[in-house]
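Asker: Before anything else, here's the structure in question.
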Amino acid sequence: MNYQRSSALFVEAQKVIPGGVNSPVRAFKAVGGDPIFVEKAKGAYLYDVDGNKLIDYINSWGPMILGHAYEPVVNAVIEKAKKGTSFGMPTAIETEIAALAVSMVPNVDKIRFVNSGTEACMSAVRLARGFAGKDKIIKFAGCYHGHSDSFLIQAGSGAVTFGTPNSPGVTEGTAKDTLLAIYNDLDNVAEVITANKDEIACIILEPVAGNMGCIAPAEGFLQGLRKLCDENNILLIFDEVMTGFRLAAGGVQELLGVKADIVTFGKVIGGGLPVGAFAARTEIMDYLAPIGPVYQAGTLSGNPLAMAAGLAMLKELNANKDVFNSINKKTEYLHKGMDETFNAGGVRFTINRIGSMISVHFSETPVTDFTSAANANNENFKKFFHGMLNEGIYIAPSAFETWFICDALSYEDLDTTIAACRKVAKTLK
Ligand SMILES: *Cc1c(COP(=O)(O)O)cnc(C)c1O
Numbered sequence: 252m253n254y255q256r257s258s259a260l261f262v263e264a265q266k267v268i269p270g271g272v273n274s275p276v277r278a279f280k281a282v283g284g285d286p287i288f289v290e291k292a293k294g295a296y297l298y299d300v301d302g303n304k305l306i307d308y309i310n311s312w313g314p315m316i317l318g319h320a321y322e323p324v325v326n327a328v329i330e331k332a333k334k335g336t337s338f339g340m341p342t343a344i345e346t347e348i349a350a351l352a353v354s355m356v357p358n359v360d361k362i363r364f365v366n367s368g369t370e371a372c373m374s375a376v377r378l379a380r381g382f383a384g385k386d387k388i389i390k391f392a393g394c395y396h397g398h399s400d401s402f403l404i405q406a407g408s409g410a411v412t413f414g415t416p417n418s419p420g421v422t423e424g425t426a427k428d429t430l431l432a433i434y435n436d437l438d439n440v441a442e443v444i445t446a447n448k449d450e451i452a453c454i455i456l457e458p459v460a461g462n463m464g465c466i467a468p469a470e471g472f473l474q475g476l477r478k479l480c481d482e483n484n485i486l487l488i489f490d491e492v493m494t495g496f497r498l499a500a501g502g503v504q505e506l507l508g509v510k511a512d513i514v515t516f517g518k519v520i521g522g523g524l525p526v527g528a529f530a531a532r533t534e535i536m537d538y539l540a541p542i543g544p545v546y547q548a549g550t551l552s553g554n555p556l557a558m559a560a561g562l563a564m565l566k567e568l569n570a571n572k573d574v575f576n577s578i579n580k581k582t583e584y585l586h587k588g589m590d591e592t593f594n595a596g597g598v599r600f601t602i603n604r605i606g607s608m609i610s611v612h613f614s615e616t617p618v619t620d621f622t623s624a625a626n627a628n629n630e631n632f633k634k635f636f637h638g639m640l641n642e643g644i645y646i647a648p649s650a651f652e653t654w655f656i657c658d659a660l661s662y663e664d665l666d667t668t669i670a671a672c673r674k675v676a677k678t679l680k
């Protein structure tokens with residue numbers, strides 16, 4: 252395939268945008284090569300500026316669960332835009348989408364809309380701290396909650412249980428309030444809680460992890476966290492930015508039957524426009540300004556175009572919950588096809604899947620946490636990524652990302668993908 256025009260645009264972009272991109276993963280640093288510039292997309296396909304057509308397994312990192320340029324969403328945005336694009340005053344559509352979202356998600360009474368998943372998680376943690384009257388939070392190594400300071404933390408060395416900044420610009424003062432724990436390791440979480448008795452406001456996690464590849468919670472892990480939170484007066488925050496309105500209409504709370512105190516959303520809830528949200532029971536949500544003491548705000552929060560896209564998306568999903576079965580079946584088909592192909596090719600691999608989230612790690616041993624994900628063979632992943640791209644298949648440009656299956660994918664597309672895998676498997680060790 253020819254990427255001349257993409258490469259030329261990348262050169263121009265780097266002159267005026269740091270690294271040529273507005274979000275780092277797009278730059279292909281983990282796999283090498285130049286990023287691809289998109290011209291347009293429809294259904295399951297991306298069309299790049301060089302005229303290549305790619306089958307898309309990223310779907311804007313999740314939002315396009317029904318495929319690109321989905322007509323009800325596009326039409327809703329067009330109609331709304333004609334009436335003005337922002338007022339900074341209340342609009343009825345905000346109540347409409349809030350009521351629908353709250354009706355679809357278990358254990359929440361009220362929801363507030365923001366502009367990104369980052370903002371949702373940042374605000375949820377502030378609310379948890381304010382409500383609990385405590386400062387420290389627990390997060391898990393390998394879980395991503397956006398780029399606000401409290402989350403850009405890595406495990407501290409040796410005996411210290413608190414984290415250290417993993418980006419310049421994040422202060423030690425902030426880092427000392429974020430405690431790091433190991434995903435799928437309840438004993439580790441219990442130890443961290445014991446060492447910081449009565450100081451922990453909340454535990455935040457991806458209830459199904461998608462930012463170290465796809466990693467499902469071990470049997471009993473979420474239930475165990477719920478119990479630890481109840482016993483120690485800690486709020487449990489499910490970051491469902493990726494899993495919300497994807498793994499089930501009611502997200503992981505519904506899928507696995509575990510109750511969170513605060514839930515965050517992004518991606519699907521905006522139908523492809525910049526939207527995030529956080530929700531909880533009334534008692535917690537009413538702790539927010541203007542009726543409560545915890546401050547949180549946004550000039551463009553609840554923006555009419557964003558709400559129109561989100562509402563159109565949620566309405567589609569709510570009216571046709573069979574979509575979730577449909578994408579799960581497609582993902583299972585892909586999983587089975589890739590399993591057979593890699594096995595036949597003698598490749599050492601682990602495929603993790605839950606619902607319509609799936610990822611491939613080139614590792615012989617199970618991938619259950621950040622360490623086991625990081626131990627996989629990244630050279631094989633790079634080859635796999637570029638090999639698939641060469642066959643017209645666009646997967647995530649990093650082994651630490653999940654693939655998102657959309658309902659616009661046909662079984663023919665999946666067969667094409669599996670055939671490409673068969674070819675590429677021959678080049679892997
Ligand atoms: C994408 C993501 C975020 C951040 O959302 P942005 O809209 O990129 O700020 C937070 N949490 C999880 C689990 C995510 O996947």
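My numbering runs 251 ahead of the 1-based position in the sequence shown.
Glycine is no exception: its CB is placed at the ideal position from the N, C-alpha and C atoms.
Assess, as a yes-or-no matter, whether the region 593 to 613 is touched by the region 441 to 450 under the definition of 3 or more beta carbon pairs within less than 8 Å.
Answerer: These segments do not touch.
Asker: Quick one: what's got a C-beta closer than 6 Å to D360's C-beta in the same chain, skipping five residues either side?
Answerer: Taking the sequence shown and counting its residues from 1, one reaches residue 360 at position 109. Excluding residues within five positions, the ones whose Cβ falls inside 6 Å are R532, T533.
Asker: Given 8 Å as the limit, is there contact between the region 489 to 496 and the region 366 to 382, that is, 3 or more CB pairs closer than that?
Answerer: In short, these stretches touch, since the Cβ pair count reaches three.
Asker: Answer with buried or exposed for T336, where buried requires no fewer than 16 other C-beta atoms within 10 angstroms of its C-beta.
Answerer: Here residue 336 corresponds to residue number 85 of the sequence shown, with the count starting at 1. So T336 ends up on the exposed side.
Asker: As a quick exercise: from A528, G606, V459, pick the residue whose alpha carbon is nearest that of F516.
Answerer: Here residue 516 refers to the residue found at position 265 of the sequence shown. Per the Cα distances, A528.
Asker: Considering L305, what are the terminal residues of the beta strand (DSSP E) in which it resides?
Answerer: Here residue 305 is taken as the residue at index 54 of the sequence shown, counted from 1. Here the beta strand (DSSP E) through L305 covers 304 to 307.
Asker: Based on the DSSP secondary-structure assignment, which residues constitute the bridge partners of G522?
Answerer: For the purposes of this step, residue 522 is identified with residue 271 of the sequence shown, where counting begins at 1. DSSP output for G522 lists L524 as bridge partner(s).
Asker: In the DSSP assignment, what are the bridge partners of I684?
Answerer: For the chain, the structure presents residues 252 to 680; residue 684 sits outside this window and is missing.
Asker: Would you call the region 324 to 341 and the region 275 to 291 in contact, with 3 or more CB pairs under 8 Å?
Answerer: Segments in contact, no.
Asker: Nearest by alpha-carbon distance to G294: which of G471, N483, P323 is it?
Answerer: Position 43 of the sequence shown, counted from the start, is the residue given in the question as residue 294. With distances taken between Cα atoms, G294 lies closest to P323.
Asker: Quick check on C453: does DSSP put it in helix, strand or coil?
Answerer: Against the sequence shown, residue 453 aligns to sequence position 202. Of the three classes helix, strand and coil, the one that applies to C453 here is strand, per DSSP.
Asker: Considering just the uninterrupted stretch of the beta strand (DSSP E) at D299, what are its terminal residues?
Answerer: Numbered from 1 along the sequence shown, position 48 holds the residue referred to as residue 299. Looking at the DSSP string, the run of the beta strand (DSSP E) that includes D299 is 296 to 299.
Asker: Terminal residues of the continuous beta strand (DSSP E) containing H396?
Answerer: The residue given as residue 396 occupies position 145 in the sequence shown. Taken as a continuous stretch (DSSP letters only), H396 belongs to no beta strand (DSSP E), as it is neither H nor E.
Asker: For a test of your reading of the model: does the CB of A371 fall under 8 Å from any non-hydrogen atom of ligand 1? Yes or no.
Answerer: Along the sequence shown, one-based indexing puts residue 371 at 120. Checking every heavy atom of ligand 1 against the Cβ of A371, one is found closer than 8 Å.
Asker: Could you tell me the alpha carbon to alpha carbon distance between H396 and G588, rounded to whole angstroms?
Answerer: For this step, residue 396 is matched to residue 145 along the sequence shown. For this step, residue 588 is matched to residue 337 along the sequence shown. Looking at the two C-alpha atoms, the distance is approximately 32 Å.
Asker: Looking at ligand 1, does it come within less than 8 Å of S552, judged from the CB to the closest heavy atom?
Answerer: The residue labelled residue 552 in the question sits at position 301 within the sequence shown. No.
Asker: Assess contact between the region 399 to 406 and the region 457 to 465, defined as three or more Cβ pairs (one per stretch) separated by less than 8 Å. Is contact present?
Answerer: Segments in contact, no.
Asker: How long is the line joining the alpha carbons of I669 and N484, rounded to whole angstroms?
Answerer: Taking the sequence shown and counting its residues from 1, one reaches residue 669 at position 418. Taking the sequence shown and counting its residues from 1, one reaches residue 484 at position 233. The straight-line gap from Cα to Cα measures roughly 48 Å.
Asker: Three Cβ pairs or more, each shorter than 8 Å: is that satisfied between the region 428 to 442 and the region 616 to 625?
Answerer: These segments touch.
Asker: Starting from the Cα of G561, find the closest Cα among I656, I306, I348 and give me that residue.
Answerer: Within the sequence shown, residue 561 is the residue found at index 310, counting from 1. Considering only alpha carbons, the answer is I348.
Asker: Starting from F516, trace the beta strand (DSSP E) in both directions and tell me its first and last residue.
Answerer: Taking the first residue of the sequence shown as position 1, residue 516 is located at position 265. Where F516 is concerned, the enclosing beta strand (DSSP E) stretches over 513 to 516.
Asker: Expressed to the nearest angstrom, what Euclidean distance is found between the alpha-carbon atoms of S258 and Q265?
Answerer: Counted from its first residue, the sequence shown places residue 258 at position 7. Counted from its first residue, the sequence shown places residue 265 at position 14. Going from the Cα of S258 to the Cα of Q265 covers about 11 Å.
Asker: Within the present structure, is the beta-carbon of V574 separated from the nearest heavy atom of ligand 1 by less than 8 Å?
Answerer: Stepping through the sequence shown from its first residue, residue 574 is reached at position 323. Every heavy atom of ligand 1 is 8 Å or more from the Cβ of V574, so no.
Asker: Check whether the Cβ of K478 lies closer than 8 Å to any heavy atom of ligand 1, and answer yes or no.
Answerer: Here residue 478 refers to the residue found at position 227 when the sequence shown is read from its first residue. Checking the Cβ of K478 against ligand 1 gives no.
Asker: Taking the straight line between their C-alpha atoms, what separation do you get for A559 and A327?
Answerer: In the sequence shown, counting from the first residue as 1, residue 559 sits at position 308. In the sequence shown, counting from the first residue as 1, residue 327 sits at position 76. Those two C-alpha atoms are separated by around 6 Å.
Asker: Quick one: complete alpha helix (DSSP H) runs, 4+ long, within the region 525 to 596?
Answerer: 533 to 536, 555 to 570, 573 to 595, all fully within the region 525 to 596.
Asker: With the cut-off set at 9 Å, would you say V440 and L473 are in Cβ contact?
Answerer: The residue you call residue 440 lines up with position 189 of the sequence shown. The residue you call residue 473 lines up with position 222 of the sequence shown. No, these two residues do not count as a Cβ contact at 9 Å.
Asker: Nearest CA to the CA of I605: which residue from I454, R497, P275?
Answerer: Residue mapping note: residue 605 aligns to position 354 of the sequence shown, counting from 1. Among I454, R497, P275, the Cα nearest to that of I605 is on R497.
Asker: For I444, name the three-state secondary structure that DSSP assigns.
Answerer: Locating residue 444 in the sequence shown gives position 193, counting from the first residue. Three-state result, I444: helix.
Asker: Is DSSP giving K681 helix, strand or coil here?
Answerer: Residue numbering for the chain in the displayed model covers 252 to 680; residue 681 lies beyond these limits and cannot be assessed.
Asker: Would you call A624 buried or exposed, if buried means 16 or more other Cβ atoms sit within 10 Å of its Cβ?
Answerer: One-based indexing of the sequence shown puts residue 624 at position 373. By the neighbour-count rule (16 or more Cβ atoms within 10 Å), A624 is buried.
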